[in-house]
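A.B. asks:
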Amino acid sequence: MTRRLIALTVAAGAAALITPVPASAASEVSPAPVSAAASALPAASALPAVPALPAAAGLLTPSGASDIALLRLRHGLTLEIPNSWRVYGTEDQLRVVTGSCKRPKGPYSEPRCDSFWVIGPKALKAGGEGFTPYNPNRGPFYPAVDVMPCARNPKYGQVLGKAIAVGNRGVGVAHPAQYRVWPGRCVTYDDGTQKSTFNQREWYLPEQKILIVDQWATPGLDRILKHAIWDN
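Residue numbers (this note's numbering): 488 to 719.
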């Protein structure tokens, strides 16, 4: 069956550019399981107020059958994504919503939103724990001063452990990303009882200052990044 792509250019307040081209679909990738002992947590303090993300140029559905959209990012990076996914934010903090989401325009800590993030240089300057500069050699992307809510259930706090996978993964041709998997636990705030686990996967392109963060085991994301397209 012949399919078409929607070419989507994302910049602050940019509109969608629709161009029909051929494409291929992505396949599902699953992360490794995680288990760890729980520990007590302090009560979470309020995070600094973050303005709601604006709706980026939405993935429009053209007339006729169409399965894939082109998501154009900074530095000439383009991802082929399902056209059912939706995009919110700006170049520096872009949320790609892949399924159910209560508040897609919410900040990074917004729970109950099947999605992954594309983070740029401004957000990376405060992307480490305590709003320190992000450095994958020191820790995961965790822009908070205290315990953030668990992505799947905000009743619990999330705790990230030491990386269980470290290496390089290609994002397109000749663009290796620093890849890490950080094991996460959703725990109670009063005594740290573990309720569930997840993995936070990160692909970091240091030259371009682009970070992809996924806590939802997004189906096919690994393959989508592997087959990314670069203009340069």
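Ideal Cβ positions, reconstructed from N, Cα and C, are used throughout, including at glycine.
Measuring only the C-alpha atoms, how far is Gln-687 from Val-700?
C.D. replies: Cα to Cα, Gln-687 sits roughly 7 Å from Val-700.
A.B. asks: Between which two residues does the alpha helix (DSSP H) harbouring Ala-610 extend?
C.D. replies: 608-611 is the span of the alpha helix (DSSP H), which, as asked, contains Ala-610.
A.B. asks: Of the choices Trp-690, Gln-645 and Cys-600, whose alpha-carbon is the least far from that of Trp-572?
C.D. replies: For the residues Trp-690, Gln-645 and Cys-600, the minimum Cα distance to Trp-572 belongs to Cys-600.
A.B. asks: How is Lys-682 classed by DSSP in three states: helix, strand or coil?
C.D. replies: Three-state result, Lys-682: strand.
A.B. asks: Name the residue from Pro-569, Cys-673 and Ala-613 whose alpha carbon lies nearest to the alpha carbon of Asp-554.
C.D. replies: That would be Pro-569, whose Cα lies nearest to the Cα of Asp-554.
A.B. asks: Can you tell me which of Tyr-643, Asn-624 and Glu-616 puts its alpha carbon nearest to the alpha carbon of Pro-630?
C.D. replies: That would be Glu-616, whose Cα lies nearest to the Cα of Pro-630.
A.B. asks: Decide if Val-660 is buried, meaning its Cβ has at least 16 other Cβ atoms within 10 Å, or exposed.
C.D. replies: Label assigned to Val-660: exposed.
A.B. asks: Checking the sheet assignment: what are the DSSP bridge partners for Gln-695?
C.D. replies: According to DSSP, which records beta bridges pairwise, Gln-695 is partnered with nothing at all.
A.B. asks: From Gly-679 to Asn-719, what distance separates their C-alpha atoms?
C.D. replies: Using only the alpha carbons, I get a separation of about 48 Å.
A.B. asks: Where Lys-609 and Asp-579 are concerned, what is the direct C-alpha to C-alpha distance, given to the nearest angstrom?
C.D. replies: Approximately 6 Å, taken between the alpha carbons.
A.B. asks: Verify the CB distance criterion: does Glu-578 have a CB-CB separation below 9 Å to chain B?
C.D. replies: As a matter of chain content, chain B is missing from the structure shown, which is built from one protein chain.
A.B. asks: Under a Cβ-count criterion, where at least 16 other Cβ atoms within 10 Å of its own Cβ denotes burial, should Ile-716 be classed as buried or exposed?
C.D. replies: The residue is exposed, with fewer than 16 neighbouring Cβ atoms inside 10 Å.
A.B. asks: How would you call Pro-693, buried or exposed, if buried means at least 16 neighbouring beta carbons within 10 angstroms?
C.D. replies: Label assigned to Pro-693: exposed.
A.B. asks: Compute the distance between the beta-carbons of Ser-683 and Asn-640, then report whether it is under 9 Å.
C.D. replies: Closer than 9 Å, so yes.
A.B. asks: Closer than 7 Å by C-beta to Val-674: which residues in its own chain qualify, once you throw out the five before and the five after it? Chain order, please.
C.D. replies: Closer than 7 Å at the Cβ level, and outside the excluded window around Val-674, lie Ala-525, Leu-528, Tyr-643, Gly-644, Val-646, Thr-680, Gln-681 and Lys-682.
A.B. asks: Quick one, which of Arg-672, Tyr-676, Lys-696 and Asp-677 has its alpha-carbon nearest Phe-685's?
C.D. replies: When each option's Cα is compared against that of Phe-685, the closest is Arg-672.
A.B. asks: Compare the beta carbon distance of Leu-611 and Ala-664 with 9 Å and say whether it is the shorter of the two.
C.D. replies: No, the pair does not count as a contact, with Cβ atoms beyond the cut-off.
A.B. asks: So for Leu-560, helix, strand or coil by DSSP?
C.D. replies: Three-state DSSP puts Leu-560 in coil, outside helix and strand.
A.B. asks: Consult DSSP for Phe-603 and reduce its assignment to one of helix, strand or coil.
C.D. replies: Residue state, collapsed to three classes: strand.
A.B. asks: Between the Cα of Pro-598 and the Cα atoms of Leu-564, Pro-627, Gln-702 and Ala-613, which residue gives the shortest distance?
C.D. replies: Among Leu-564, Pro-627, Gln-702 and Ala-613, the Cα nearest to that of Pro-598 is on Gln-702.
A.B. asks: Going by DSSP, what residue range makes up the beta strand (DSSP E) through Arg-667?
C.D. replies: Element bounds for Arg-667: 663-674.
A.B. asks: Given that a residue counts as buried once 16 or more other Cβ atoms are within 10 Å of its Cβ, and exposed if not, what is Asp-709?
C.D. replies: Flag for Asp-709 reads buried.
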